[in-house]
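Reading through the structure tokens given below for one structure.
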């Protein structure tokens with residue numbers, strides 16, 4: 002059984018026991034969250050919502066919060082003495098999917 006959920010403008014395909022990184026939610030570890038924005042559920046047959054599946058809920062448990070490794074963007078235009086260096090670190094909440102209810 003799997004579900005496709007929406008969080009933070011991104012879509013994730015999840016199964017029970019999966020661990021994924023969602024956008025930061027400022028929650029304590031061991032907290033339980035319910036994700037109601039379920040786009041599709043496959044439990045033998047595929048149910049697709051318009052836009053969300055009615056009554057479908059994905060339950061997840063918060064593991065921790067943190068920041069990813071730095072991603073550096075560097076732009077250089079040759080012979081123009083033009084350089085730009087920027088760094089970015091994404092804040093995330095790591096969760097484990099505990100239940101998918103269709």
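In our numbering, the protein residues as written are 2 to 103. Just so you know, even glycine gets a beta-carbon here, dropped at the ideal spot from N, CA and C.
| field | Euclidean distance between Cα positions of residue 71 and residue 87 | value | So the alpha carbons of these two residues sit roughly 10 Å apart.
| message | Short of 6 Å in beta carbon distance, which residues of its chain neighbour residue 35, apart from the five on each side in sequence? Order them along the chain. | response | 58, 60
| request: Measure the alpha-carbon distance for residue 99 versus residue 73 and round it to whole angstroms. | output: 35 Å
| message | How far does the beta strand (DSSP E) with residue 7 in it extend, from its first residue to its last? | response | Here the beta strand (DSSP E) through residue 7 covers 3 to 8.
| field | Residues near residue 91 by beta carbon distance below 6 Å, same chain, minus five either side | value | Contacts found: 69.
| message | Checking 8 Å against the spacing of the C-beta atoms, do residue 95 and residue 65 come in under that value? | response | For residue 95 and residue 65, yes; Cβs fall inside 8 Å.
| field | Closest residue to residue 9 among 23, 44, 79 (Cα-Cα distance) | value | 23
| message | With a threshold of 8 Å on Cβ separation, who are the neighbours of residue 67 within its own chain once the five nearest residues in sequence on each side are excluded? | response | 92, 93, 95
| said: Short of 6 Å in beta carbon distance, which residues of its chain neighbour residue 20, apart from the five on each side in sequence? Order them along the chain. | reply: 97
| query | According to DSSP, what are the bridge partners of residue 97? | reply | 20, 62
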